[in-house]
Amino acid sequence: MYGKEINCSGLHKDTYIYHYYKKNLFFNLHKEREDNNGVIATVVEPRSTGGNGGNIEIHINNMYLNKSFWITSSTMGKGNSGDISIYAKGNVELKDAIDVDIWETSIYTSSFAGVNTASGNAGKIYLEANNLLLKDGSNMGCGALSNYGKETGDAGSIEVHVAGEIRLSGVNPEGCTYEYGNGNKYGSGFGAESTRDRSGDAGTIKVSAGNLILENGATIIAHTLGKSDGKHVDIKVDGKIQISGSEMLKVYKDDSYYFEENFSGIYADSGSSNSDGGTSGNIELSANEVILSDQGTIRTSTEGGGHAGNIIINTNQLKLYNNASICSNSMSAKNGGAAGSISINSNHSVIMNNSMLTTEVVKNDPTNEHLNGKISLSSANIYLIRSEITTSVNNGTGDAGDININTSDAIVLNKSSIIANAFEGTGGNINIKAGQFVQSSDSKVDAVSKSEKGIDGKVYVKATDLDEKTV
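If you use numbering that gives the first Met the number 0, the sequence shown corresponds to residues 0 to 470, in order.
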């Protein structure tokens, strides 16, 4: 498809699309609609004997999709879905939702097994543009969804290259139902997902841009809910990555609704609570400046036996303000997988004000420990104000991760803490090497085991302004 400009919108009086979705894809749609969305689509039907879906390729100056318009390639049968490729010289914008759940403007590929069928692999999404805007819950996604069928192939992948700015903003103003997304609530953004044990692997998300802005509840998510592993999020930005704010999302459950706060963030999660749940993917960010504020979040996590992924950030400046957090969590109360490691390399400075850099394990033991949640932080200058850097294992015999901090100039702690603690295991060691080490009297650096059965870790501080000491 070639043209100067595409401007597409939904809202035509036709119930066919609604009934097609209800029959083949989304059995629990919230309510019937008389006006439905427009689509550009290729589909492999459930009765397919193995033929693949066609590709969608668009060359354009500008593209504007509104009111739940979709560009989609899906497979519900044995064949693979096609790829979606968009080449825009100017701007690409997706906005406006006409209802809850699926009725958001979207570009997506999926492997969605129909009833009693197995489906092939989902296609890839590739986009080039000068600027990209997603708002009002609009999204680009790929998924492997075995909610109803026998099994699915792998999810596709998302690859986005934008010379200027990517701005992801807000949530669906119409809300969502609790059941949609298996209880997970997403904002505008990119998503790669694998659901349930019969689904294939989740897809990767790869992004490059001049600047990347996530605001008002927008999200980038790589997610697995079954045995398959989550995949990685890889983002390279010439200028800044800025993650800030939240927005209240209306959630319908049974015959009522409530409001849930949706935090802007980049997430790689494993949502299976089973001992054989998949691992979550890694998050790797590279930018001149990374700024998180007002509860902005970067997180990997696991809720079962799979390990949480690692977080790697390479930047010149890292700034965290007003309850921002970078974290890796293992949330199982039985014997969870290990928390991932966090590695931050900042050439100039790290500034944290009322924020957190943490790895946390609710409970595990050495057989499932796999080097719990280490934190490595390297920068010329590090400033902590009412902030904390912690590794912890709250229950079980697993050891806490080490904390390694290396700064060529100064590390300053003002009403802040650096703590590595375990329960019955060994508290992690804390190693600090700095030009100057400045600590207020109400700051704390400690490595402890909370139980008498455990062993305290050690704190090593080496700085030019004081003698080397071991605590």
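Note that the Cβ used here is the ideal one computed from N, Cα and C, for glycine as well. Treat the numbers as computed from the prediction; the structure is a model and nothing was measured.
Would you say residue i and residue j are within 8 angstroms of each other, going by their C-beta atoms?
| i | j | result |
| --- | --- | --- |
| Asp95 | Asp135 | yes |
| Thr116 | Lys66 | no |
| Ser342 | Leu317 | no |
| Glu246 | Ile212 | no |
| Asp293 | Gly229 | no |
| Val411 | Ile431 | no |
| Ile297 | Gly264 | yes |
| Ile311 | Val232 | no |
| Val159 | Gly209 | no |
| Asn90 | Asn130 | yes |
| Ser448 | Asn420 | yes |
| Ala338 | Ser327 | yes |
| Ile5 | Met62 | yes |
| Ile384 | Ile374 | no |
Which residue comes first and which comes last in the beta strand (DSSP E) that contains residue i?
| i | result |
| --- | --- |
| His347 | 341 to 352 |
| Ala409 | 402 to 413 |
| Ser168 | 164 to 168 |
| Asp445 | 443 to 448 |
| Thr108 | 105 to 111 |
| Asn380 | 374 to 384 |
| Ala419 | 416 to 421 |
| Ala433 | 429 to 438 |
| Lys205 | 204 to 208 |
| Lys461 | 458 to 462 |
Return the residue from the list the options that minimises the CA-CA distance to residue i.
| i | options | result |
| --- | --- | --- |
| Ile157 | Ile83, Thr218, Asn210, Pro172 | Ile83 |
| Val289 | Ala323, Asn428, Ser375, Gly186 | Ala323 |
| Leu376 | Ala409, Gly456, Leu93, Asn353 | Ala409 |
| Ala154 | His222, Glu178, Ala87, Ser207 | His222 |
| Leu133 | Phe68, Val250, Thr301, Ser193 | Phe68 |
| Gly81 | Ile59, Met62, Tyr63, Ser110 | Ser110 |
| Ile106 | Ala419, Phe436, Glu92, Val250 | Glu92 |
| Asn380 | His347, Ile220, Ile57, Thr41 | His347 |
| Gly305 | Ile350, Leu224, Asp253, Ser391 | Leu224 |
| Gly295 | Ile310, Phe262, Gly308, Gly270 | Phe262 |
| Leu248 | Lys88, Thr41, Thr176 | Thr176 |
| Gly152 | Leu126, Asn321, Thr108 | Thr108 |
| Asp254 | Glu178, Gly303, Ile384 | Glu178 |
| Tyr1 | Gly426, Ile85, Val38 | Ile85 |
I'd like to confirm the pairing. Which residues does DSSP put opposite residue i in its beta bridges?
| i | result |
| --- | --- |
| Thr48 | Thr48 pairs with nothing; no bridge assigned. |
| Arg298 | Tyr266, Cys326 |
| Gly142 | Ser109, Glu192 |
| Leu126 | Ile85, Val159 |
| His58 | Tyr1, Tyr86 |
| Ser285 | Lys235, Asn313 |
| Glu259 | Leu248 |
| His222 | Glu192, Asp268 |
| Asp355 | According to the sequence shown, residue 355 is Met rather than Asp. Ser324, Glu387, per the DSSP bridge assignment. |
| Asn65 | Lys94 |
| Glu178 | Bridge partners of Glu178: none, in fact. |
| Ser73 | Val42, Ser109 |
Between residue i and the ligand GTP, is the CB less than 7 angstroms from at least one heavy atom?
| i | result |
| --- | --- |
| Lys66 | Ligands in the displayed structure: none, and consequently the ligand GTP is not present. |
Margin query: With three or more beta-carbon pairs closer than 8 angstroms as the criterion, would you say the stretch 43 to 56 touches the stretch 64 to 79?
Written below: Counting Cβ pairs under 8 angstroms, three or more are found: they touch.
Check: Quick one: any contact between the stretch 230 to 247 and the stretch 271 to 278, if contact means 3 or more CB pairs under 8 angstroms?
Finding: no
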